[in-house]
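These notes are about the structure you will find just below.
Following this line, the structure appears as structure tokens:
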């Protein structure tokens, strides 16, 4: 996707689809440049009145141009009060409608104030979000063409914002592709190979097979993965520029398919479990963007990749697994496997002594019940880290809600035979999962992001189609960029 800028008169802009972003209460003024003699000649104002289009945020009104302007089609999109969130959503609708209509060229104009550089970046990212489709398994005739170019009309050119947006778009799209691919295509070894393709200047990729995983004492990854014919992988992607200003670590849950193991899921609950590696996919997407942006901060991306399958050699209820830091957990549910994989990864990440660790995982159904499909559950004891992540998520357009990480519920994880057990009961299930993870972290600044709700949508939401969303990828990229300044 190519982004460009133009100061041309709207009626002369050539595009498959021209989008005019219209604030609430300013419809007449917004359409006036297109509604004079020689263009729509007043019919556009009549159309908005007849269709009761008021510029409400998220509303839209399409119309063919009928030769009145050079663009083939016109789409009015409401931006409400013109907040950054409203502008992002309008841009997402533009991208979505462009894909629906098979538009290859898109032009967008914003009536009123010119977006600042930060908002401009998110506008470009949101166009790509709305335009995204995972359709590689559809027959040729049933696919809609993606956008090739986007022209921002009446917006001051900003190449830095374009470069940042393109890096974020590439990272988020990679994440979404990985999540949407079937488990027959994305499994531990194939995910590791994709990660190895990121190796290059200042980036190394280290991959351990199941034998080395056991040798290193990662009993969580080994235990969860042992029931599958596809061996587990531990993946460490390291970006380490000279004279880095800081050191951050990302940890991703990479359960490439989750049957539940011997605690077998139902068919309906298992149907979308190719998405259970969305945390790992987010880490890969962020690291792809890091490679392009080259921030002046060390970043370690750490992934435990497994399939959780039932078999004669699968790990069992009552088993005790020993983790990388020496702690042991008794298994009370083999479908609470993600925390076992993350435990080894977090203990390893802590050994690297970063200034902060953030992990991402589709960890609990409890987080979905609590916060629905939009909000990521954030657990941390660091107010500074919480403020940073929430702030960057607000800039990027991701939903994040801080949850309590309280020792009050720690006793729910007590085991009679081991240091702890891997579940704490239904009540507060997302909190006790975070408390379990905290047992394996020694870094003072650590945050756990339970992305079980927003990582994968089963129905459309805002400008997202069903499937992987790439949630938190753009937010974490911004967090890393800020640390390198």
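In the working numbering, the protein residues as written are 218 to 702. For every residue, glycine included, the Cβ atom is placed at its ideal position computed from N, Cα and C.
- Apart from sequence neighbours up to five positions away, the residues of its chain that approach residue 378 with a beta-carbon distance below 6 Å are 334, 337 and 338, ordered along the chain.
- Residue 363 holds the alpha-carbon nearest to the alpha-carbon of residue 321 among 285, 229, 363 and 342.
- By the Cβ-count criterion, residue 576 is buried, with 16 or more other Cβ atoms from all chains shown falling within 10 Å of its own Cβ.
- Contact between residue 251 and residue 227 is confirmed by a C-beta separation of about 6 Å, below the 8 Å threshold.
- Here residue 603 carries a helix assignment [DSSP, helix/strand/coil].
- DSSP, read as helix, strand or coil, puts residue 547 in strand.
- Here the region 632 to 651 makes no contact with the region 466 to 482; the two share fewer than three CB pairs at distances below 8 Å.
- Residue 334 sits in a helix when the DSSP states are folded into three classes.
- Here the C-alpha atom of residue 593 lies approximately 31 Å from the C-alpha atom of residue 375.
- Take residue 683, set aside five residues on each side of it, and the residues of its chain with a beta-carbon closer than 8 Å to its own are 674, 675, 676 and 677, in chain order.
- For residue 565, DSSP assigns no beta-bridge partner whatsoever.
- The count of Cβ pairs closer than 8 Å, one atom from the region 528 to 540 and one from the region 426 to 433, stays below three, leaving the stretches out of contact.
- In this structure, DSSP gives residue 680 a state outside helix and strand, which the three-state scheme calls coil.
- For residue 464, the uninterrupted beta strand (DSSP E) segment begins and ends at 464 to 475.
- In the three-state reduction of the DSSP assignment, residue 221 falls in the strand class.
- Residue 424 sits in a strand when the DSSP states are folded into three classes.
- Considered as a whole, the region 629 to 672 harbours 646 to 655 as its complete alpha helix (DSSP H) runs of no fewer than 4 residues, in chain order.
- With 16 or more other Cβ atoms inside 10 Å of its own Cβ, residue 695 counts as buried.
- Put simply, of 221, 561, 390 and 266 the residue whose alpha carbon is nearest the alpha carbon of residue 503 is 390.
- Look at residue 486 here: in three-state DSSP terms it is helix.
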